[in-house]
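See below for the structure under consideration.
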Amino acid sequence: MINATGQPQSVLVLGGSSEIAQAIVNRLVEGRCRTVVLAGRPSERLEAAVVSARAAGADTVETVAFDVDATSGHQAWMDDVFARFGNLDLVLVAAGVLGNQESDEQDAEATAAVLTTNFTGPAAALIAAGGCLRRQGHGRIVVLSSVAGERARKANFIYGSSKAGLDAFAQGLSDSLVGSGVGVTIVRPGFVVGRMTEGMDPAPFSTTPDEVATEVVKGITSGAHVVHAPSVLRWVFAVMRHLPRPIWRRMPG
Ligand SMILES: NC(=O)c1ccc[n+]([C@@H]2O[C@H](COP(=O)([O-])OP(=O)(O)OC[C@H]3O[C@@H](n4cnc5c(N)ncnc54)[C@H](OP(=O)(O)O)[C@@H]3O)[C@@H](O)[C@H]2O)c1
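Quick look at the structure:
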């Protein structure tokens, strides 16, 4: 159960090897979280995430095979996980890919693959998780969206639109869960220096997985609907959204 200070005792991570998720999990474990279920494609990175959560102090750390691209079976998979682990206080949706805009925009299959991993798959998993949490009567869903979804940029519109779709979906899910005891927190990080952005020049207001984790844990504890990381991006994008299109079009990559 999420305790009186808003801290979850158990978490299911979809995309268990994510660097940002790992930072969030470690922060949650330092708080009250004791059970960590890391769902992902079997890999050394997933195993490293297990070691990291155990080192942070979690009592139970398990992995479950999960491919967000699966075109069916998300509900049965989620039902199995909830049946196996019982109460899950938090579902963190972290799976995602950046893609390569330059080559992907020449390749319809590659474009569809990014949209599947970042939108279609997570949306199906979110519906399944929402159903399980609704039946449970309590819990929180945290969705790693992105400021890239606030307004699609020419240099990054495939990823940006996939996150815009996911973000809108999570907003609607959140509204549909009002009164069920289940809350949704949508996280919109800016450029996070780490594995996903390796080799890229950091954008203005760039941040780190640890700093994102700090904002996310604050958001979980306060029951925030939307969290920006860093928080100043809320105001930056409130302006960016309204820039005239001829100016926006010239935004650098
Ligand atoms: N890094 C940034 O600048 C940034 C900014 C804003 C938002 N975000 C979002 O934050 C989330 C986490 O990103 P990160 O920075 O932590 O990057 P990351 O370390 O590369 O994590 C991405 C995660 O997605 C998983 N994934 C990819 N395809 C999958 C599939 N088909 N099935 C299951 N899992 C799959 C990866 O698993 P594998 O290890 O199996 O590949 C990995 O766990 C993503 O949704 C990303 O879009 C990141």
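Under the working numbering, read the sequence shown as residues -1 to 251, first letter to last. From the three backbone atoms N, C-alpha and C, an ideal C-beta is built for every residue, glycine too.
* What residues are listed by DSSP as bridge partners for residue 206? -> DSSP links residue 206 through a beta bridge to no other residue.
* Would you call residue 184 buried or exposed, if buried means 16 or more other Cβ atoms sit within 10 Å of its Cβ? -> Counting the other CB atoms within 10 Å of its CB gives residue 184 a total of 16 or more, which places it among the buried residues.
* Asked: Is any heavy atom in ligand 1 found nearer than 7 Å to the beta carbon of residue 206?
  -> For residue 206, the distance from the CB to the nearest heavy atom of ligand 1 is not below 7 Å.
* Asked: CB residue 35 to CB residue 66, shorter than 8 Å?
  -> Result no, Cβ atoms of residue 35 and residue 66 do not sit closer than 8 Å.
* **Pairwise C-alpha distance: residue 181 and residue 220** => Between residue 220 and residue 181, the C-alpha separation is close to 11 Å.
* Asked: If we ignore side chains and look at the alpha-carbon of each, how far apart do residue 99 and residue 159 end up?
  -> In a straight line, the C-alpha of residue 99 is about 12 Å away from that of residue 159.
* **Local conformation of residue 219 per DSSP, three classes** => Here residue 219 sits in helix by DSSP.
* Host beta strand (DSSP E) of residue 185 (start-end) -> For residue 185, the enclosing beta strand (DSSP E) begins and ends at 180 to 187.
* Would you mind reading off the limits of the beta strand (DSSP E) that contains residue 36? => Start and end: 33 to 38.
* Can you grab the Cα-Cα spacing for the pair residue 119 / residue 211, in whole Å? => Distance between the alpha carbons of residue 119 and residue 211 is about 23 Å.
* Asked: Span of the beta strand (DSSP E) holding residue 60?
  -> Start and end: 58 to 63.
* Asked: residue 72: buried (16+ other C-beta within 10 angstroms of its C-beta) or exposed?
  -> Classification of residue 72: buried, given that the 10 Å Cβ count is 16 or more.
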